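Remarks on the structure that follows.
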Amino acid sequence: MPGLWFEEFEVGQVFRHGIRRTITEADNVWFSALTHNPAALHLDEEYCRTQTEFGQRIVNSAFTLGLMVGISVGDTTLGTTVANLGWDEVRFPKPLFHGDTIRVESEVIARRESRSRPGQGIVEFIHRAYNQKEELVAHCRRSALMKGRPA
């Protein structure tokens with residue numbers, strides 16, 4: 001099991017996740033359609049070319065968020081998480097475009113034992129996603145309820 005137990009996380013620990021992902025047009029269109037998001041920014045190339053500052057379609061930010069957190073799971077919480085408690089301070093300082101490749105790093109910023117669930121604890125992460133130019137394209141703070149190491 002690749003995920004870490006609550007006790008194995010340390011504040012200040014940084015994970016540089018090995019998985020990288022190039023985002024395709026199909027990813028963006030499929031995700032936008034699946035989530036019923038008809039925004040022209042994601043689906044209409046002509047509109048974006050002529051009516052936006054980007055000149056092309058941008059990747060759906062909900063997909064970016066999900067991909068950023070998903071890439072982190074294998075190194076951090078796979079098989080050891082009880083529940084995702086929330087995402088805070090979600091930001092997208094630069095857009096992603098079809099063909100961009102992202103990499104992700106995660107930092108542990110807090111951890112504490114659960115007051116209501118003995119043997120479990122809450123770990124807070126900052127996840128950061130960068131494009132192939134090393135520009136920060138997304139970041140968020142995430143809280144996860146983690147299993148403690150079995151006795």
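Position one of the sequence shown corresponds to residue 1 (full-length UniProt numbering), numbered consecutively onward.
Ideal Cβ positions, reconstructed from N, Cα and C, are used throughout, including at glycine.
Bear in mind that the values here come from a model prediction, so they are computed numbers and not experimental data.
Sequence-distant residues of the same chain with beta carbon closer than 8 Å to residue i, five excluded per side
| i | result |
| --- | --- |
| L136 | P93, K94, R128, A129, Y130 |
Three-state secondary structure assigned by DSSP to residue i
| i | result |
| --- | --- |
| G121 | strand |
| R57 | coil |
| A26 | helix |
| R20 | coil |
| T151 | Residue identity differs from the one stated: residue 151 is Ala in this sequence, not Thr. If DSSP states are grouped into helix, strand and coil, A151 belongs with coil. |
| A39 | coil |
| F15 | strand |
| L34 | helix |
| L4 | coil |
Residues of its chain near residue i, where Cβ-Cβ distance is below 7 Å and the 5 sequence neighbours each way are ignored
| i | result |
| --- | --- |
| G119 | G148 |
| V82 | Q120, L145, M146, K147 |
| V123 | F6, F9, V108, R111, A144, M146 |
Residues sharing a beta bridge with residue i, DSSP
| i | result |
| --- | --- |
| R49 | According to DSSP, which records beta bridges pairwise, R49 is partnered with nothing at all. |
| A62 | The partner list for A62 (beta bridge, DSSP) is empty, contrary to what the question assumes. |
Rounded Cβ spacing between residue i and residue j (contact assumed at less than 8 Å)
| i | j | result |
| --- | --- | --- |
| I23 | V73 | In fact, because the Cβ distance is near 18 Å, the residues do not count as touching under 8 Å. |
| R57 | N28 | 7 Å |
| I142 | N84 | Here residue 142 is Arg; the residue named in the question, Ile, does not match the sequence. Confirmed, about 7 Å. |
Other residues of its chain near residue i: CB distance less than 6 Å, five sequence neighbours each side excluded
| i | result |
| --- | --- |
| F6 | G121, M146, G148 |
| H139 | R91, R128 |
| G70 | none |
| W87 | C140, R142 |
Counting only runs that start and end within the segment 67 to 130, where is the beta strand (DSSP E) found for 3 or more residues in a row?
-> 81 to 91, 101 to 113, 120 to 130
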